[in-house]
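Inspection log for the structure reproduced underneath, given as structure tokens.
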Amino acid sequence: MPDIIQLLPDSVANQIAAGEVVQRPASVVKELMENSIDAGSSNVQVVVRDGGKGLIQIIDNGSGMSETDARLSFERHATSKIKEANDLFAIQTMGFRGEALASIAAVAEVEMKSRVGNNQIGTSIRISGTKLVEHEPTSCPEGTSISVKNLFFNIPARRKFLKSSSLELKHIISEFQR
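Residue numbers (the numbering used here): 2 to 179.
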């Protein structure tokens, strides 16, 4: 019998892993809000269109990210929260696994603008289905703005199972009420 087991391409593995983190637009809002809170934000704005299927935008005034950190934040298992296994016993943040942004970027079109307070220039990154489309310096306020567009654009079966825009919006609102 010939060998039949093969390694999946990274893009396929990322889409499968994304299903664990991103089930619906409310999952995206939850993950991005937790990132904003972990970044020390005192002001977080949320914009949602079409129940989150068309657009989810989170704008915060948190600590922001350097150019390198902004790019690395979209890699799986890239995190600022832990460095070794013992750190798992003293987690003080909402997120720590380094999965959220990679998972979101695997199933959507994402634009991030981020600037650390002491830097004059920030970073703009656009990713579409894990592919880096743009990475350049930009003028932006301190903190981070993330726009997630066309959720599940590259997985039609997942997009088809999303509910109506009004029901998806209700799921998003319930995330705020927890």
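The beta carbon of each residue, even a glycine, is placed where N, CA and C say it ideally should be.
Query - Per DSSP, cross-strand counterpart(s) of V111 - result: Sequence index remark: in the sequence shown, residue 111 carries index 110 (1-based). I128, V149, per the DSSP bridge assignment.
Query raised in the report: Would the beta-carbon of E100 fall within 8 Å of that of S129?
Result: As a working mapping, residue 100 is identified with position 99 in the sequence shown. As a working mapping, residue 129 is identified with position 128 in the sequence shown. No, they are not a contact pair.
Query raised in the report: Over what stretch of residues does the beta strand (DSSP E) that includes V49 continue unbroken?
Result: Locating residue 49 in the sequence shown gives position 48, where the first residue counts as 1. Unbroken beta strand (DSSP E) run through V49: 45-50.
Query - L56 - partner residues in DSSP beta bridges - result: The count along the sequence shown starts at 1 and reaches residue 56 at position 55. For L56, which the question treats as bridged, DSSP gives the partners R50, K150.
Query raised in the report: Taking buried to mean at least 16 other C-beta atoms within 10 Å of its own C-beta, is I105 buried or exposed?
Result: Here residue 105 corresponds to residue number 104 of the sequence shown, with the count starting at 1. With 16 or more other Cβ atoms within 10 Å, it is buried.
Query - Three-state secondary structure assigned by DSSP to V30 - result: For the purposes of this step, residue 30 is taken as the residue at position 29 of the sequence shown. Residue state, collapsed to three classes: helix.
Query raised in the report: Who pairs with G123 in a beta bridge, going by DSSP?
Result: Position 122 of the sequence shown, counted from the start, is the residue given in the question as residue 123. DSSP, once it has assigned bridges, lists T139 as partnering G123.
Query raised in the report: Thinking just about the alpha-carbon of each residue, which of Q178, S115, V49 is nearest to the one in P26?
Result: Reading the sequence shown from its first residue, position 25 is the one you call residue 26. Cα-wise, what sits closest to P26 is V49.
Query raised in the report: In chain order, what residues of the same chain have a beta carbon less than 7 Å from the beta carbon of D51, not counting five sequence neighbours either side?
Result: As a working note, residue 51 is residue 50 in the sequence shown. Closer than 7 Å at the Cβ level, and outside the excluded window around D51, lie S166.
Query raised in the report: Using the rule of at least 16 other Cβ atoms within 10 Å of the residue's Cβ for burial, across every protein chain shown, is M66 buried or exposed?
Result: What you label residue 66 is simply residue 65 of the sequence shown in a count that begins at 1. Flag for M66 reads buried.
Query raised in the report: First and last residue of the alpha helix (DSSP H) that includes Q178?
Result: Within the sequence shown, residue 178 is the residue found at index 177, counting from 1. Where Q178 is concerned, the enclosing alpha helix (DSSP H) stretches over 166-178.
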